[in-house]
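Below: the structure, in structure tokens.
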Amino acid sequence: MSRVSLDQAIAILKNDGVVAVPTETVYGLAGRIFSEVALKSIFKTKQRPFFDPLIVHVEGKPQAQSLVQEWSGLAETLTDHFWPGPLTLILPKNQDVSDVITSGLPNVALRCPNHPMALRILRDLGEPFAAPSANLFGRTSPTVAQHVLEEFKNKVPVVDGGASLIGIESTVLLIDGNHLSILRPGAVTKAQLTEVLERTGHPIKWREPAQKKMAPGQMQHHYMPAKPLFAIHGTLPKDLLVRLNQELNNLPDKIDEVVLIKPKKIKTMAEIQLPTDPVQAARVLYSELRKAALTKADALYFQVQAHHLDPSWEAVYERLSKACSAHLKS
Ligand code: TXA
Ligand code: MG
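Structure, rendered in structure tokens:
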């Protein structure tokens, strides 16, 4: 299996199959939300544990409204401003949403992707699809069709929609009355959300995500490339190889269900370098990680610089941090 047309993708979905589709953030592994077979196949293909819930992708507001208990003025305003786009809303689900999608949680994650191909599939399918990023659990998300083909060894069909413009996953926003929590930072920032809600007269309060359970995707390790990545804080140590090998020996085999990749010994390394502009950095982050992992290097490293800690870098830095096997402080 390889690249498929939009019509083929729609036929696959109608037949309870799964297919990778492009979105503006990253490629998703799509299956119809009303097909139990497709939903289970998403988890199986990704080797994803059932405790990690899926995002439901909708064509627009009416589909989203049909899946929740209540559609608040806040949801109305946010979707008016940010849909289609990289903002996922978490709202109380109704009974039409399967527990397989939400991992048994009372809330459902909803997003309208801003990509003509994803939107065309949703329109022609006439119902929403669930789609986590089209990568193996815990690994780097795909931003071009080739990444998907490599990740699943050509076993998953993919619609080629070119490179994802944003390059990192959507902002995940939990709405609880007028309390908001960002469960995952993304291209839509807290500042943008605050600005829109203030301007439209919505009194809101920001809240830190209460417990891990409310944010099941908030694992320490995620987005991991096929070679271990290390973040270096401070100046580059002269004995970097020695230090990294020490770190390597201290690593556990598994964290949060994600198997850490460990070579026997690190002999060679490749440096990950990103553009200084966070929007550009987000766009190339995952392809840079994948490219470096394909070189002969045994491990990858990334030097943390002052600008990476700027709020504008929050989403990219969060991905980088979680993609790391360990942080080295000199
Ligand atoms: O940009 C994106 O959001 C991409 C594209 C394909 O749309 N999708 C994506 O899906 O990143 P995934 O499954 O890789 O990440 C979904 C995140 C996870 O961290 C998951 O735990 C969280 O959303 N999530 C989903 N449903 C949730 C819920 N009901 N409550 C809390 N978090 C939820
Ligand atoms: Mg993912």
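Each residue of the sequence shown is one higher than the one before, starting from 101 at the first, in the numbering used here.
Positions of the beta carbon are idealized from the N, C-alpha and C atoms, including for glycine.
Computed from a prediction, not measured in an experiment: that's the story for all the values here.
Go to residue i, then tell me how far its beta strand (DSSP E) extends in each direction, as first and last residue.
| i | result |
| --- | --- |
| A426 | 426 to 429 |
| S281 | 279 to 284 |
| L400 | 399 to 404 |
| A120 | 119 to 121 |
| A291 | Unbroken run through A291 is the alpha helix (DSSP H), 290 to 299; no beta strand (DSSP E). |
| L84 | For the chain, the structure presents residues 101 to 430; residue 84 sits outside this window and is missing. |
| L129 | 128 to 132 |
Would the beta-carbon of residue i be found less than 7 Å away from any heavy atom of the ligand MG?
| i | result |
| --- | --- |
| S441 | Nothing in the structure corresponds to residue 441, since the chain is present only between 101 and 430. |
| S233 | yes |
Let me check you understand the geometry: is the CB of residue i closer than 7 Å to at least one non-hydrogen atom of the ligand TXA?
| i | result |
| --- | --- |
| E159 | no |
| E77 | No information on residue 77 is available, as it lies outside the stretch 101 to 430 that the chain covers here. |
| E269 | yes |
| I275 | no |
| L360 | no |
| L222 | no |
| G131 | no |
| P192 | no |
In the DSSP assignment, find the alpha helix (DSSP H) that holds residue i and state where it starts and stops.
| i | result |
| --- | --- |
| F182 | 173 to 182 |
| I372 | Element bounds for I372: n/a, residue is neither H nor E. |
| T145 | 136 to 146 |
| L348 | 340 to 350 |
| P162 | 161 to 165 |
| K422 | 414 to 423 |
| K365 | Looking at the DSSP string, K365 is not in any alpha helix (DSSP H), and its letter there is neither H nor E. |
| I110 | 106 to 114 |
Give the DSSP bridge partners of residue i, in chain order.
| i | result |
| --- | --- |
| V78 | Nothing about residue 78 can be read from this structure; the chain reaches only from 101 to 430. |
| V70 | Outside the displayed span of the chain (101 to 430) sits residue 70, for which this structure offers no information. |
| H333 | V404, K429 |
| K354 | V359 |
| M324 | R239 |
Measure from the C-beta of residue i to each C-beta in chain D and report whether the shortest distance is under 8 Å.
| i | result |
| --- | --- |
| L293 | Judged by its chain identifiers, the structure shown contains no chain D, having just a single protein chain. |
Start-end ranges of the alpha helix (DSSP H) lying completely within the segment 192 to 263, minimum 4 residues:
199 to 202, 216 to 225, 245 to 251
Can you find at least 3 beta carbon pairs, one from the segment 144 to 159 and one from the segment 289 to 300, that sit closer than 8 Å?
no
I want to know whether the segment 399 to 419 touches the segment 362 to 376 - three or more CB-CB distances under 8 Å.
yes
Is there contact between the segment 271 to 278 and the segment 227 to 245, where contact requires at least three CB pairs shorter than 8 Å?
no
Are at least three pairs of beta-carbons, each pair with one atom in the segment 261 to 270 and one in the segment 382 to 402, less than 8 Å apart?
yes
Taking contact to mean at least 3 C-beta pairs separated by less than 8 Å, is the segment 384 to 398 in contact with the segment 320 to 327?
yes
Three or more C-beta pairs closer than 8 Å, one from the segment 341 to 354 and one from the segment 406 to 413: is that the case here?
no
Segment contact flag, the segment 237 to 244 with the segment 120 to 128, C-beta cutoff 8 Å, min 3 pairs:
yes
Sufficient close CB pairs (3 or more, under 8 Å) joining the segment 331 to 343 to the segment 244 to 262:
no
Tell me, please, whether the segment 206 to 216 touches the segment 110 to 120 by the rule of three or more beta-carbon pairs shorter than 8 Å.
no
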